[in-house]
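Take a look at the structure set out below.
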Amino acid sequence: MTAAPDPRDRDGHYISPEGYDAAEALQELDRRDLDAPTRRLVWRRFRRNRLALASGALLAFLYLALPFAGFFAPYDPAQRNADAIFKPPQAIHFLTAGRFAVTYPMVSELDLETFTPRFAADTGDPRPVRFVARCGPDWTAAFVVRTNLRLICPPEGADLNLLGTDRLGRDVLSRLVIGAQLSLTVGLIGVAISFAIGMVLGGLAGYFGGLADAAVSRAIEIVRSLPELPIWLALSAAIPPAWGPVSVFLMISVILGLLDWPGLARAVRSKFLALREEEYVRAAELMGASTGRIIGRHMMPNFTSHLVASATLSIPSMILGETALSLLGLGLRPPAVSWGLMLNDALDLTAVEIYPWLLAPMLPVFVVVLAFSFLGDGLRDALDPYS
Amino acid sequence: MILFVLRRIWAMVWTLAVVSVLVFVIVNLPPGDFLSNQIAQLRASGEAASVARAEFLMREFALDRPMWQQYLIWVGLWPGPGGFSGLLQGDLGWSFELNRPVSAVVGEALWLTVALNLFTVLFVYAVALPLGAIAAVRANTWIDYLATFVGYIGLATPNFLLALILYHYGAHWFGLPVGGLMSNAYLDQPMSIAKLGDILGHLIVPVIVIGTAGMAGMVRRLRANLLDELGKPYVTTALAKGVPPARAVLRYPLRMALNPFVADIGNLLPGLVSGSVLVSLVMGLQTIGPILLSALRSQDYFLSGFILMFVCFLTLVGMLVSDLLLAWLDPRIRYAGRDR
Numbered sequence: 001m002t003a004a005p006d007p008r009d010r011d012g013h014y015i016s017p018e019g020y021d022a023a024e025a026l027q028e029l030d031r032r033d034l035d036a037p038t039r040r041l042v043w044r045r046f047r048r049n050r051l052a053l054a055s056g057a058l059l060a061f062l063y064l065a066l067p068f069a070g071f072f073a074p075y076d077p078a079q080r081n082a083d084a085i086f087k088p089p090q091a092i093h094f095l096t097a098g099r100f101a102v103t104y105p106m107v108s109e110l111d112l113e114t115f116t117p118r119f120a121a122d123t124g125d126p127r128p129v130r131f132v133a134r135c136g137p138d139w140t141a142a143f144v145v146r147t148n149l150r151l152i153c154p155p156e157g158a159d160l161n162l163l164g165t166d167r168l169g170r171d172v173l174s175r176l177v178i179g180a181q182l183s184l185t186v187g188l189i190g191v192a193i194s195f196a197i198g199m200v201l202g203g204l205a206g207y208f209g210g211l212a213d214a215a216v217s218r219a220i221e222i223v224r225s226l227p228e229l230p231i232w233l234a235l236s237a238a239i240p241p242a243w244g245p246v247s248v249f250l251m252i253s254v255i256l257g258l259l260d261w262p263g264l265a266r267a268v269r270s271k272f273l274a275l276r277e278e279e280y281v282r283a284a285e286l287m288g289a290s291t292g293r294i295i296g297r298h299m300m301p302n303f304t305s306h307l308v309a310s311a312t313l314s315i316p317s318m319i320l321g322e323t324a325l326s327l328l329g330l331g332l333r334p335p336a337v338s339w340g341l342m343l344n345d346a347l348d349l350t351a352v353e354i355y356p357w358l359l360a361p362m363l364p365v366f367v368v369v370l371a372f373s374f375l376g377d378g379l380r381d382a383l384d385p386y387s
Numbered sequence: 001m002i003l004f005v006l007r008r009i010w011a012m013v014w015t016l017a018v019v020s021v022l023v024f025v026i027v028n029l030p031p032g033d034f035l036s037n038q039i040a041q042l043r044a045s046g047e048a049a050s051v052a053r054a055e056f057l058m059r060e061f062a063l064d065r066p067m068w069q070q071y072l073i074w075v076g077l078w079p080g081p082g083g084f085s086g087l088l089q090g091d092l093g094w095s096f097e098l099n100r101p102v103s104a105v106v107g108e109a110l111w112l113t114v115a116l117n118l119f120t121v122l123f124v125y126a127v128a129l130p131l132g133a134i135a136a137v138r139a140n141t142w143i144d145y146l147a148t149f150v151g152y153i154g155l156a157t158p159n160f161l162l163a164l165i166l167y168h169y170g171a172h173w174f175g176l177p178v179g180g181l182m183s184n185a186y187l188d189q190p191m192s193i194a195k196l197g198d199i200l201g202h203l204i205v206p207v208i209v210i211g212t213a214g215m216a217g218m219v220r221r222l223r224a225n226l227l228d229e230l231g232k233p234y235v236t237t238a239l240a241k242g243v244p245p246a247r248a249v250l251r252y253p254l255r256m257a258l259n260p261f262v263a264d265i266g267n268l269l270p271g272l273v274s275g276s277v278l279v280s281l282v283m284g285l286q287t288i289g290p291i292l293l294s295a296l297r298s299q300d301y302f303l304s305g306f307i308l309m310f311v312c313f314l315t316l317v318g319m320l321v322s323d324l325l326l327a328w329l330d331p332r333i334r335y336a337g338r339d340r
């Protein structure tokens with residue numbers, strides 16, 4: 001006696017009537033895909049951490065948008081406006097006055113008691129705001145194309161400062177967007193440098209042991225015990241004042257990377273020490289593989305991902321470091337634009353009280369640092385797919 | 001134990017020597033310093049008296065000698081123009097910009113710096129210990145999430161923003177003083193009870209600002225350690241046989257989790273000292289931070305060199321204390337050090 005043929009059963013195979021629950025199958029102890037490639041396991045685990053995923057997406061977007069930052073800036077970051085000094089943020093009103101988006105020009109009026117200009121929106125004069133249009137001076141996209149296409153164009157004959165203006169009447173939003181280019185890359189370059197130093201020194205110590213190990217371990221201990229900021233300050237004070245903005249920027253990244261390597265070197269060293277004892281390394285050695293091949297081919301793949309995670313976690317401190325250095329006037333120098341430099345104006349407590357929008361660069365610093373922390377934490381947790 | 005202490009102190013002295021070389025190199029990196037600019041100016045004037053003065057300055061500050069001799073003279077291991085007179089002999093050098101001895105320039109700022117950092121460490125411990133313990137015992141409840149949230153805020157907020165916000169609201173709501181480390185009335189006054197109280201009041205905001213980031217990391221680590229301990233069978237046993245829950249946590253698991261907590265000061269201290277320099281600069285505290293910045297700007301290298309040395313020294317002493325504390329807490333560490 002057989003059951004009625006299942007309509008799904010075209011090949012005559014048995015099909016369980018209980019159905020298949022993917023989530024439950026994932027919980028099963030010795031499921032088949034446990035021998036899936038590590039990167040798939042890592043990805044699967046990483047994907048479950050929503051916060052890390054969102055942070056990763058945000059950072060990817062920010063970094064990909066960097067070459068096209070000019071598109072998001074309504075103005076040239078260096079453009080001054082003598083009529084709009086310390087102008088408060090201005091709003092865009094959607095679907096008003098029969099237009100899709102309008103803004104009301106800010107009219108200034110001298111306050112005769114404090115002798116500072118007071119700004120007020122002139123609601124009787126709506127001006128249309130254009131989106132994705134051509135206006136203002138050209139900017140260079142990805143170092144090649146020159147264009148003046150912008151996401152938001154201020155209306156004709158009026159200003160549009162969504163985040164207000166600073167003490168020279170420059171648009172804070174535009175400077176914020178352009179400043180991201182330097183503030184975000186400084187961390188990457190710094191980490192690349194610290195990565196290089198950490199890999200080489202940690203590798204030397206871990207692979208060769210003995211004297212090299214002792215020397216590197218001592219160096220790690222010493223550098224780790226130095227307070228970073230004063231040393232950063234001293235090193236950046238040594239940058240000759242005649243250098244151009246680009247060389248200063250590179251130098252600052254190098255300085256930020258110079259003190260950061262001990263953590264990485266220590267991780268590399270301990271990984272090397274552990275992996276050197278593995279059988280497959282011994283086997284490769286016996287088969288006559290060169291040192292370079294053993295390190296590059298057999299050992300590196302085992303820990304590069306961990307290093308990437310710890311590097312991700314050390315980018316925030318570099319971004320904060322650049323901010324602190326520029327804030328104190330020993331980091332990047334004008335005409336460069338960075339978040340730290342913008343905050344230099346906000347150092348004054350009274351300025352912050354009267355013009356709170358000068359603190360706007362804090363927000364991206366905050367968001368980026370948090371995003372890197374979440375991403376790094378997520379990566380670190382995901383990289384151990386068997387736990 | 002005595003052997004351990006001696007070995008640990010020896011390691012610190014050794015480290016300090018290396019650090020002093022580093023600091024000397026760093027402060028001498030800029031091509032023109034205050035003194036050589038002054039000498040060049042005197043020479044350029046061409047007057048006999050000025051040239052003679054330039055020569056005198058060259059000799060007085062040993063600029064005519066090779067670099068390594070200058071270093072040894074600075075440290076006090078080589079006879080300089082005035083005999084052995086360097087850091088080791090307590091002669092901190094001369095500030096060219098202010099034309100006063102370095103010791104007179106830094107003076108009170110040194111003690112205020114030490115006090116600021118000491119209070120910050122105490123604050124970090126006093127807050128992180130209960131917060132981390134509660135976060136672990138009540139894991140995944142609102143108080144745990146609150147601790148995590150505060151932790152992330154502390155991690156991601158640049159110190160000085162926190163400073164501005166706290167000053168603003170502290171002054172509005174609690175009448176806390178804004179800026180500086182003492183009221184103007186007490187500047188240059190000898191130490192007294194009233195002055196001490198005034199300084200303590202001014203310390204509240206900076207201590208919170210500097211400590212928050214370190215505290216956040218501390219709470220997270222203590223929570224993780226304590227969670228590991230709480231999952232162990234002996235805790236279950238203790239609870240099962242009727243030990244009161246508070247006692248079951250405090251008696252052994254907390255003590256086990258405390259070790260990394262003490263050891264952590266090594267990671268914490270460099271960050272705290274960095275933070276105290278930055279916050280002092282932003283908030284105008286009378287510590288060595290602002291003096292360091294102006295010395296670096298004008299390349300007044302005896303002054304900046306000494307301050308850098310002092311800051312590193314402070315960190316190293318703190319680490320030494322934490323190591324000794326740890327060894328006292330946990331005998332295994334004393335013995336483990338023996339075969340190294």
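Protein chains in written order, with this note's numbering: chain L, 1 to 387; chain R, 1 to 340.
By construction, the Cβ of each residue, glycine as well, lies at the ideal position given by its N, Cα and C atoms.
Note that this is a predicted model, so its numbers are computed, not measured.
Any contact of the segment 40-49 of chain L with the segment 126-140 of chain L, i.e. 3+ C-beta pairs under 8 Å? no
Three-state secondary structure (DSSP) of PHE4 (chain R): helix
Looking at chain L, which residues of the segment 230-262 of chain R have a Cβ within less than 8 Å of any of its Cβ atoms? none
Check THR165 (chain L) in the structure and name its three-state DSSP category. strand
Anything in the segment 136-159 of chain R with a Cβ closer than 7 Å to a Cβ of chain L? List those residues in chain order, please. Listed in sequence order: TYR152, LEU155, ALA156, THR157 and PRO158.
What residues in the segment 103-123 of chain R have a beta carbon less than 9 Å from any beta carbon of chain L? none
Cβ closer than 8 Å: which chain L residues qualify as neighbours of THR315 (chain R)? SER225, LEU226 and PRO227
Between which residues of its own chain and ASP260 (chain L) is the CB-CB distance below 6 Å, once the five residues before and five after are set aside? SER194 and SER314
Give the range of the alpha helix (DSSP H) segment to which GLU279 (chain L) is assigned. GLU279 (chain L) -> alpha helix (DSSP H) spans 279-286.
Taking SER276 (chain R) as the reference, which of R:ASP330, R:MET1 and R:PHE119 has the closest Cα? With distances taken between Cα atoms, SER276 (chain R) lies closest to R:PHE119.
If I'm right that LEU112 (chain R) touches VAL219 (chain R) with Cβ under 8 Å, what's the distance once you round it to whole angstroms? Wrong, their Cβ atoms sit about 28 Å apart, outside the cutoff.
Could you check how far apart the C-beta atoms of LEU226 (chain R) and LEU250 (chain R) are, in whole angstroms? I think they sit under 8 Å. Contact doesn't hold; Cβ gap of about 11 Å is too wide.
Quick one: is GLU353 (chain L) buried, meaning 16 or more other Cβ sit within 10 Å of its Cβ, or exposed? Burial call: exposed.
Does any C-beta atom of chain R lie closer than 9 Å to the C-beta of MET362 (chain L)? yes
Which same chain residues, not among the five before or five after GLY198 (chain L), have their C-beta less than 7 Å away from its C-beta? Contacts found: TRP261, LEU264, ALA265 and VAL268.
Taking 8 Å as the threshold, find out whether the segment 151-167 of chain L comes into contact with the segment 92-105 of chain L through three or more Cβ pairs. Counting Cβ pairs under 8 Å, three or more are found: they touch.
Going by the CB atoms, is the gap between ALA216 (chain R) and VAL273 (chain R) shorter than 9 Å? no
What do you get for PHE272 (chain L), buried or exposed, if any count of 16 or more other CB atoms within 10 angstroms of its CB means buried? buried
Backbone secondary structure at PRO74 (chain L) - three-state DSSP: coil
Please report the residue range of the alpha helix (DSSP H) in which LEU110 (chain L) lies. That residue, LEU110 (chain L), is in no alpha helix (DSSP H); its beta strand (DSSP E) goes 106-111.
What residue does the alpha helix (DSSP H) around THR404 (chain L) start on, and which one ends it? Outside the displayed range of chain L (1 to 387) lies residue 404 (chain L), so it cannot be described from this structure.
Determine the direct distance from the alpha carbon of ASN259 (chain R) to that of ASP330 (chain R), and round the result to whole angstroms. 8 Å
To the nearest angstrom, report how far apart ALA153 (chain L) and PHE115 (chain L) are at their CA atoms. Contrary to the premise, residue 153 (chain L) reads as Cys rather than Ala in this sequence. About 32 Å.
In chain L, what lies closer than 9 Å to VAL18 (chain R) by C-beta? ARG218, ALA219 and ILE222
If we ignore side chains and look at the alpha-carbon of each, how far apart do ILE143 (chain R) and ASP138 (chain L) end up? Approximately 52 Å between the Cα atoms of the pair.
Can you find a C-beta in chain R that's less than 9 Å from the C-beta of ALA283 (chain L)? no
Who are the near neighbours of ARG338 (chain R) in its chain, counting only those whose CB is closer than 7 Å to its CB and skipping five residues on each side? Unreliable placement is indicated for ARG338 (chain R), whose pLDDT of 45 sits below 50; no coordinate value is reported for it.
Look up PHE119 (chain L) in the DSSP assignment and say whether it is helix, strand or coil. DSSP, read as helix, strand or coil, puts PHE119 (chain L) in strand.
For PRO77 (chain L) and ALA466 (chain L), the rounded distance between their alpha carbons: Here chain L comprises residues numbered 1 to 387, so residue 466 (chain L) is not present and cannot be evaluated.
Where LEU390 (chain L) falls: helix, strand or coil (DSSP): Nothing about residue 390 (chain L) can be read from this structure; chain L reaches only from 1 to 387.
Please state the DSSP three-state secondary structure of LEU77 (chain R). Three-state DSSP puts LEU77 (chain R) in coil, outside helix and strand.
Which whole-angstrom value describes the C-beta separation of ALA109 (chain R) and VAL369 (chain L), a residue pair presumed to lie in contact below a C-beta threshold of 8 Å? About 31 Å; that fails the 8 Å criterion.
Outcome for GLY98 (chain L) when other beta-carbon atoms lying within 10 angstroms are tallied against a minimum of 16: exposed
According to DSSP, is GLY124 (chain L) part of a helix, a strand, or is it coil? coil
Can a CB atom of chain R be found closer than 9 Å to the CB of PHE94 (chain L)? Answer no: the Cβ-Cβ gap between PHE94 (chain L) and chain R never drops below 9 Å.
Would you verify that the beta carbon of GLU353 (chain L) is, or is not, closer than 9 Å to some beta carbon of chain R? With 9 Å as the cut-off, GLU353 (chain L) counts as an interface residue toward chain R.
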